[in-house]
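Engineer: In order, the protein sequences belong to chains F and U. Reminder that position 80 of the first sequence reads as 80 in the working numbering, one-by-one numbering, no gaps. Reminder that position 77 of the second sequence reads as 77 in the working numbering, one-by-one numbering, no gaps. Note that the Cβ used here is the ideal one computed from N, Cα and C, for glycine as well.
Number of protein chains: 2
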Amino acid sequence: MAAAKGTPMSPTHIEETALAGFPGYESSCEIDEDAGRAIREVLDRVGDKWSLLVIATLRRDRLRFSELLRHIPGISQRMLTLTLRQLQRDGLISRTAYAEVPPRVEYELTALGGTLIPIARTIGDWALANHPAIVESRSQYDAR
Amino acid sequence: MAAAKGTPMSPTHIEETALAGFPGYESSCEIDEDAGRAIREVLDRVGDKWSLLVIATLRRDRLRFSELLRHIPGISQRMLTLTLRQLQRDGLISRTAYAEVPPRVEYELTALGGTLIPIARTIGDWALANHPAIVESRSQYDAR
DNA sequence: CGGCATCCCCTTCGATACTG
DNA sequence: CAGTATCGAAGGGGATGCCG
């Protein structure tokens with residue numbers, strides 16, 4: 001997706017940090033830059049319009065394509081397909097196709113994908129709690 | 001890679017924010033429709049390319065525009081401006097301009113913006129821990 | 001120094017139609 | 001049922017230039 005674009009990135013220059021002080025990567029400058037890259041790539045994967053919602057929807061059971069389509073309001077067939085392919089490629093969900101008529105395909109979180117559930121919950125918690133404040137701040141800002 | 005050091009990949013790192021007992025909201029294992037919309041909302045705000053990185057960079061001190069530019073590798077002047085405006089509009093950061101020559105502008109997290117730090121931390125932890133696994137899975141998927 | 005404004009490419013995503 | 005193919009609108013985001 002947004003991964004491979006033309007990023008100039010001068011190799012001679014050692015950048016300063018975006019994330020020094022965060023647990024686990026406060027040690028050196030190079031790790032900080034790696035952390036920044038990693039975060040951006042993860043956001044590119046999971047920060048898109050539907051990925052995290054698909055993950056959240058699959059948190060309990062394996063679901064069929066059409067079930068996912070029904071459980072996620074507003075998603076189009078095309079976007080569900082594309083999102084599922086990305087997640088499968090990244091090892092976050094598994095796809096199982098049964099050779100039946102009519103065909104049946106089931107999707108399921110992998111162990112790796114399951115580790116994203118706490119993130120979905122954290123984001124969901126924050127959004128439910130603070131969305132009204134954001135709306136309020138925004139309308140005040142726009143009032144000028 | 002960088003992820004193998006430090007923390008031994010504990011997947012559940014749930015940060016308890018100040019919203020325990022938030023009126024009308026209880027944290028549950030369920031990610032229902034409201035939470036789904038909430039996830040979509042916050043991802044629209046903060047799931048873009050730079051917002052979370054700006055938040056993380058401001059987590060300690062107030063910083064000037066040029067300092068932010070230096071601390072966030074790869075961001076363009078234009079995108080930093082746009083990101084800061086949006087964060088300011090949503091009440092997540094505050095902007096203070098000093099009438100000096102040369103001009104000086106400082107950005108700082110608001111209290112609301114500060115509540116995003118646990119999210120940045122959670123995502124950062126996950127990214128560092130699992131980014132290598134994703135890259136690996138992706139290359140295997142592509143090799144077929 | 002701290003920005004807007006402009007140009008323009010590229011990606012994302014929805015709508016629609018078709019297939020095994 | 002579970003996709004694939006194609007088109008087109010919308011906007012994200014880099015490069016550059018100008019300005020208080």
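Which residue comes first and which comes last in the alpha helix (DSSP H) that contains Ala56/F?
Structural biologist: 51–57
Engineer: Going along the segment 65–79 of chain F in order, which residues come within less than 8 Å of chain U, judged by CB to CB distance?
Structural biologist: Along the segment 65–79 of chain F, going in chain order, the ones with a CB nearer than 8 Å to a CB of chain U are Ile72, Pro73.
Engineer: Can you check whether the C-beta of Pro132/F is within less than 8 Å of a C-beta belonging to chain U?
Structural biologist: no
Engineer: Taking only beta-carbon atoms, is Ser137/U less than 8 Å away from chain F?
Structural biologist: yes
Engineer: In chain order, what residues of the same chain have a beta carbon less than 8 Å from the beta carbon of Thr57/U, not counting five sequence neighbours either side?
Structural biologist: Leu63, Leu68, His71, Ile72
Engineer: Given Val42/U, which residues of its chain have a CB within under 6 Å of its CB, disregarding the five upstream and five downstream residues?
Structural biologist: none
Engineer: Are the Cβ atoms of Arg138/U and Asp90/F separated by less than 8 Å?
Structural biologist: yes
Engineer: Residues of the segment 78–94 of chain U in Cβ contact with chain F at a cutoff of 9 Å, in chain order, please.
Structural biologist: Gln88, Arg89, Asp90, Gly91, Leu92
Engineer: Among residues of its own chain, excluding the 5 on either side of Glu136/U, which ones have a beta-carbon nearer than 8 Å to its beta-carbon?
Structural biologist: none
Engineer: Cβ of Leu150/U less than 8 Å from any chain F Cβ?
Structural biologist: Because chain U in this structure spans residues 1 to 144, residue 150/U falls outside the shown range and cannot be described.
Engineer: How about Trp50/F and Thr115/U: do their beta carbons lie closer than 8 Å?
Structural biologist: No, they are not a contact pair.
Engineer: Contact criterion: CB-CB distance below 8 Å. Does Thr151/F meet it with respect to chain U?
Structural biologist: Within the shown structure, residues of chain F are numbered from 1 to 144, placing residue 151/F beyond reach of any answer.
Engineer: Give me the chain F residues within the contact set of Ala122/U, using Cβ-Cβ distance strictly less than 8 Å, ordered along the chain.
Structural biologist: Per the sequence presented here, residue 122/U reads as Thr, with Ala not at that position. Chain F residues near Thr122/U: Pro118, Ile119, Thr122.
Engineer: Determine the direct distance from the alpha carbon of Leu92/U to that of Asp44/F, and round the result to whole angstroms.
Structural biologist: 22 Å
Engineer: Does the distance from the C-beta atom of Ile117/F to that of Arg59/F stay below 8 Å?
Structural biologist: yes
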